[in-house]
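**Q**
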Amino acid sequence: MDILFQAVDVLARWDVLLALLVGSIGGVAIGAIPGVGPAVAIAILLPATFSMDPIVGLTVLLGIYGSSMYGGAIPAILINTPGTAVNALTTYDGFPMTLRGEGRRALSLAYSASFFGGVFSVICLIALSPLLAKVAPMFGSREIFLAALLGILLVVVAHRGQMLVAGALAAFGIFLSTVGLEPVKYTRRYTFEQTWLASGFDLIVVVLGLFAISQAFLLLTMDDEKVRIAKSRGSLFQGFRELFRHPRVVTVSASFGVIMGMIPGVGEFTAQFMSYTSARKLSKTPDAFGHGSSEGLIASETANNAVPGAAMIPLLALGIPGEALTAMMLSVFYVHNVVPGPGLFAFQMDFVVALYLALLILNVLVVVFLLISTGWLVYLTKIPNRFLGMCILLLSFVGVYSIRNSAVDCTVAAAFGFLGYILKRLNMPIVPIVLGMVLGGIMEVKLRAAMTRVNTPWDFIDRPIAFILFAIILIILISTAWRVRREWRAVDRRTPAKKASARFSRRLAGRYGRHFDDRLKIQRRKRRYDHMGS
Amino acid sequence: MSDDTDIQPTTRIAGQVIFVGAALALSAFLLTQIGRQTIWAEGESFAAQPRFWPGVSLAIMLAGFGLHLWRMKRRRPNRLDREEMMRWVEPLEFMIWFMVFVFAVPIVGFLPMSIAFAIALTWRLGYRRRSMLVLAAVFAVAVVILFKGFLGVRIPGAALYELLPAGPRSFFLQYL
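Protein sequence lines correspond, in order, to chains Z and S.
If you read the first sequence in my numbering, its first letter stands for residue 29, the second for the next number, and so on.
If you read the second sequence in my numbering, its first letter stands for residue 282, the second for the next number, and so on.
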């Protein structure tokens with residue numbers, strides 16, 4: 029109870045309350061603008077938060093992280109364009125509801141589901157705190173190394189269909205973290221005798237380039253889209269009543285969000301796809317999914333909003349970020365000499381509880397703000413793409429230049445922006461680079477520290493948590509190898525004309541009569557996301 | 282929504298072979314430099330070697346990009362790749378805009394340069410209506426006031442501000 033009062037004391041400051049307000053309102057607005065997203069906003073704001081108190085800076089960033097998905101539902105439902113990448117599934121059921129004239133009902137459902145997901149994850153975080161406080165000190169160097177390795181492995185495995193590229197890009201991130209002076213003998217690594225490379229690549233500069241500047245380039249080279257907002261009827265409050273008619277969907281989806289959020293490298297996408305699939309299996313009307321099902325909308329919105337709270341668990345307890353946004357937040361901790369990990373729970377529990385409370389208050393603030401302002405937030409979706417690109421480019425300058433007033437940093441950020449632009453054009457993932465960069469540094473330090481106390485390979489996993497983590501890594505490796513082997517197919521390098529000719533001859537032969545029907549069915553079922561908004 | 286392909290992103294085919302090929306060549310080049318760019322420290326354990334992590338990461342990069350290239354359906358660049366490459370050239374213009382902005386700020390000043398940059402780029406992007414140009418200028422002023430004025434981010438005053446009279450000079454140097 030004392031800790032709770034101390035936490036309230038930490039929060040009861042005008043600058044923290046202002047940060048909560050700015051973070052929540054700013055996050056909703058950023059989420060409502062398709063093409064910006066929380067990653068861009070957090071990357072731009074990171075350097076500005078370095079001059080603030082850790083709690084103030086983190087509250088702003090947490091506010092943007094937690095509330096952007098609320099805002100992202102608005103364009104997803106009303107104009108069929110997800111505001112943030114993780115609102116992609118919301119379009120499947122939200123937009124058909126809008127077309128039926130039930131836009132306000134869909135928005136209301138999305139807000140209430142998001143609120144439930146957000147609050148549920150914070151409650152889980154609070155409930156798990158005593159356990160985390162007990163377990164976190166059991167994590168020594170080797171356990172943290174193994175957890176970081178697990179995080180990298182999971183982020184690679186999560187990119188199904190792109191695992192090789194995701195692995196190579198994660199390794200590129202690890203390589204970037206090694207450039208510059210190494211911490212053992214203080215020799216230079218891959219500096220090519222260039223003084224500007226001696227201090228290595230700054231994480232913030234790379235992040236700003238890969239997320240913000242690349243997004244600006246993408247928007248600047250895009251065409252503007254005409255946005256038509258359909259009229260809708262209904263009350264913005266009805267969803268809160270309707271939510272309680274689907275208790276099973278809500279709790280299952282929120283649980284998926286929490287579990288997936290806790291696992292490093294997995295994140296919102298997997299959480300919402302799993303909750304959506306399970307909601308459809310549990311539903312009495314599975315055919316309505318994808319055609320304006322309220323259960324589908326609830327499942328996707330609950331799951332993605334349950335992730336931010338849960339994603340703080342590995343960050344706070346172990347100092348291991350699970351995805352790009354928490355990786356950026358880690359730098360705020362480091363700048364202020366607050367080292368997340370077991371020590372944080374042991375010595376600064378009031379700070380941890382204050383963050384939980386901030387998340388809780390944030391969810392209430394966001395819902396109140398949305399109920400008041402949805403009417404005009406809709407107009408944010410009308411900002412032209414290229415104009416938005418100009419705005420992001422200007423803001424990116426502030427972000428990069430304010431770190432060290434260095435033109436070299438700006439050049440490096442622009443180069444990474446160009447790389448990010450190509451990756452986004454090719455629909456290749458960017459997140460593995462950032463996670464590789466953050467976790468690579470952690471792995472190097474922790475492995476070196478761990479190996480000083482290890483005589484035989486068995487010593488490395490002779491502690492229970494280390495053994496469990498090693499076993500999980502092994503299971504993931506074996507199951508992935510098994511899946512790849514099962515799905516292995518020789519690459520078909522025939523030209524499209526030759527393939528069409530072969531298909532046509534099969535059709536003429538009359539043997540695969542249902543060939544075209546099956547193919548159409550598969551095409552209808554396939555729905556994919558891209559990394560454009562990530 | 283039932284099969285596994287639902288959460289499977291698809292990589293764009295056009296341009297892929299060029300990117301992966303270039304990434305593979307870069308990985309191979311960096312790996313060949315490992316002897317020159319890193320040292321082997323005598324008496325240190327394997328994990329503490331300065332060469333260890335660059336070596337591991339570059340080996341994974343080489344294997345990852347190499348295997349991806351090997352598994353690609355089309356490994357010979359064609360017209361589609363060239364067209365995609367032309368799209369990659371497009372942002373270079375905005376990169377130049379950005380760099381000009383970066384080098385001009387210490388001379389001209391954050392506020393004047395931001396306004397000029399926002400208006401000029403908005404004009405270049407094809408928004409010629411007065412309302413859009415005014416909006417761009419307002420946005421630039423808002424950014425400067427918010428970040429330099431209120432949040433106090435570190436962007437140094439410009440050389441041009443030194444020409445101002447003493448009173449406004451210190452205000453401009455500190456807040457704009």
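Glycine included, each C-beta is placed from N, C-alpha and C at the ideal position.
Since this is a predicted model, take the numbers as computed values, not measurements.
Quick one: Cα of Pro372 (chain S) to Cα of Ile287 (chain Z), how far?
**A** Rounded to whole angstroms, Pro372 (chain S) to Ile287 (chain Z) spans 40 Å at the Cα level.
**Q** In angstroms, rounded to a whole number, what distance separates the CA positions of Gln330 (chain S) and Val459 (chain Z)?
**A** Rounded to the nearest angstrom, the two C-alpha atoms are 28 Å apart.
**Q** On a Cα-Cα basis, can you pick out the residue from Z:Val255, Z:Gly350, Z:Ser242 and Z:Leu271 that is closest to Ile639 (chain Z)?
**A** It is not possible to answer for residue 639 (chain Z), since the shown part of chain Z is limited to 29 through 562.
**Q** I'd like to know whether the C-beta atoms of Glu323 (chain Z) and Val277 (chain Z) end up nearer to each other than 8 Å.
**A** Yes, the pair counts as a contact, with Cβ atoms nearer than the cut-off.
**Q** Can you tell me where the alpha helix (DSSP H) with Arg133 (chain Z) in it begins and where it stops?
**A** Residues Gly131 to Val163.
**Q** So with CB distances below 8 Å, who are the chain Z contacts of Arg421 (chain S)?
**A** As written in the sequence, residue 421 (chain S) is Ala, which differs from the Arg given in the question. Within 8 Å Cβ-Cβ: Leu422.
**Q** Determine the direct distance from the alpha carbon of Thr305 (chain Z) to that of Pro275 (chain Z), and round the result to whole angstroms.
**A** Rounded to the nearest angstrom, the two C-alpha atoms are 16 Å apart.
**Q** Could you tell me whether any Cβ in chain Z is nearer than 8 Å to the Cβ of Arg293 (chain S)?
**A** Output row for Arg293 (chain S): interface = yes.
**Q** Could you spell out where the alpha helix (DSSP H) holding Gly403 (chain Z) opens and where it closes?
**A** Taken as a continuous stretch (DSSP letters only), the alpha helix (DSSP H) holding Gly403 (chain Z) covers Met377 to Leu405.
**Q** Please list the terminal residues of the continuous alpha helix (DSSP H) segment that includes Gln318 (chain S).
**A** Here the alpha helix (DSSP H) through Gln318 (chain S) covers Ile315 to Gln318.
**Q** Which chain Z residues sit within Cβ distance under 9 Å of Thr319 (chain S)?
**A** Neighbours of Thr319 (chain S) on chain Z, chain order: Thr206, Glu210, Thr215, Arg216, Arg217 and Tyr218.
**Q** Classify Arg216 (chain Z) as helix, strand or coil using the three-state DSSP reduction.
**A** Arg216 (chain Z): strand per DSSP, three-state reduction.
**Q** Going by DSSP, what residues sit across from Gly208 (chain Z) in a beta bridge?
**A** For Gly208 (chain Z), which the question treats as bridged, DSSP gives the partners Z:Arg217.
**Q** Quick check on this structure: which residue in S:Arg332, S:Ile400 and S:Val434 has the alpha carbon closest to the alpha carbon of Arg476 (chain Z)?
**A** It is S:Arg332 whose Cα lies nearest to the Cα of Arg476 (chain Z).
**Q** Would you say Met356 (chain Z) faces chain C, with C-beta separation under 8 Å as the test?
**A** Among the protein chains in the structure shown, which are Z and S, there is no chain C.
**Q** So Gln455 (chain S) is in the alpha helix (DSSP H); what residue range does that whole segment cover?
**A** Ala447 to Tyr456 is the span of the alpha helix (DSSP H), which, as asked, contains Gln455 (chain S).
**Q** Please list, in chain order, the chain Z residues whose beta carbon lies closer than 8 Å to that of Met368 (chain S).
**A** A quick correction: the sequence has Arg, not Met, at residue 368 (chain S). By Cβ distance, chain Z contributes Thr249 and Arg453.
**Q** Could you check whether the Cβ of Arg514 (chain Z) sits closer than 8 Å to any Cβ belonging to chain S?
**A** By this cut-off, Arg514 (chain Z) is not an interface position.
**Q** Of all the residues that make up the region 61-77 of chain Z, which are near chain S by a beta-carbon distance shorter than 8 Å?
**A** Those residues of the region 61-77 of chain Z that come within reach of chain S (Cβ to Cβ, closer than 8 Å) are Pro75 and Ala76.
**Q** Out of Z:Gly54, Z:Tyr449 and Z:Ser321, which has the shortest C-alpha to C-alpha gap to Gly122 (chain Z)?
**A** Here the closest residue by C-alpha is Z:Ser321.
**Q** Can you find at least 3 beta carbon pairs, one from the region 79-97 of chain Z and one from the region 431-448 of chain Z, that sit closer than 8 Å?
**A** In short, these stretches do not touch, since the Cβ pair count stays below three.
**Q** Given that Ala322 (chain S) touches chain Z, what residues does it touch there, using C-beta distances under 9 Å?
**A** Under the 9 Å cutoff, chain Z gives Val212, Lys213 and Thr215.
**Q** Please report the straight-line C-alpha distance between Leu160 (chain Z) and Glu329 (chain Z), rounded to a whole angstrom.
**A** Roughly 27 Å between the two C-alpha positions.
**Q** At the level of alpha carbons, what is the spacing between Ile426 (chain S) and Val419 (chain S)?
**A** Going by the C-alpha atoms only, they are around 11 Å apart.
**Q** Determine, using beta carbons only, whether Leu246 (chain Z) and Lys452 (chain Z) come nearer to each other than 8 Å.
**A** Yes, they are a contact pair.
**Q** Should Val392 (chain Z) and Val233 (chain Z) be called a contact, given that it needs their Cβ atoms to be closer than 8 Å?
**A** In this structure, Val233 (chain Z) does not lie closer than 8 Å to Val392 (chain Z) by Cβ.
**Q** With a threshold of 8 Å between beta carbons, is Phe453 (chain S) in contact with chain Z?
**A** No, Phe453 (chain S) does not count as interfacial toward chain Z.
**Q** Taking 8 Å as the cut-off, decide whether the C-beta atoms of Arg356 (chain S) and Leu348 (chain S) are in contact.
**A** The answer is no: Cβ separation not under 8 Å.
**Q** Which residues bound the alpha helix (DSSP H) around Lys563 (chain Z)?
**A** In this structure chain Z extends from 29 to 562, so residue 563 (chain Z) is not present and cannot be described.
**Q** State the Cα-Cα distance for the pair Ser303 (chain Z) and Asn332 (chain Z), rounded to the nearest angstrom.
**A** Ser303 (chain Z) and Asn332 (chain Z): Cα-Cα distance of roughly 9 Å.
**Q** With 8 Å set as the bound, which would you pick, yes or no: does the beta-carbon of Pro358 (chain S) sit closer than that to a beta-carbon of chain Z?
**A** No, because no Cβ of chain Z sits closer than 8 Å to the Cβ of Pro358 (chain S).
**Q** With three or more C-beta pairs closer than 8 Å as the rule, is the region 475-492 of chain Z touching the region 215-222 of chain Z?
**A** In short, these stretches do not touch, since the Cβ pair count stays below three.
**Q** Restricting to Cα atoms, I'd like to know which of Z:Gln376, Z:Pro314 and Z:Ala199 is closest to Ile83 (chain Z).
**A** The shortest Cα separation from Ile83 (chain Z) among Z:Gln376, Z:Pro314 and Z:Ala199 belongs to Z:Gln376.
**Q** Would a C-beta distance cut-off of 8 Å place Ser79 (chain Z) and Ile436 (chain S) closer than the cut-off?
**A** Their beta carbons are not under 8 Å apart, which means Ser79 (chain Z) does not touch Ile436 (chain S) by this criterion.
**Q** Are the Cβ atoms of Ala196 (chain Z) and Gly336 (chain S) separated by less than 8 Å?
**A** No; because the gap between Cβ atoms is not below 8 Å, this pair is not in contact.
**Q** How big is the Cα-Cα spacing for Asp287 (chain S) and Phe297 (chain Z)?
**A** At Asp287 (chain S), the pLDDT of 47 sits below 50, so the modelled position is not reliable; the number obtained from the coordinates is stated separately. So the alpha carbons of these two residues sit roughly 11 Å apart.
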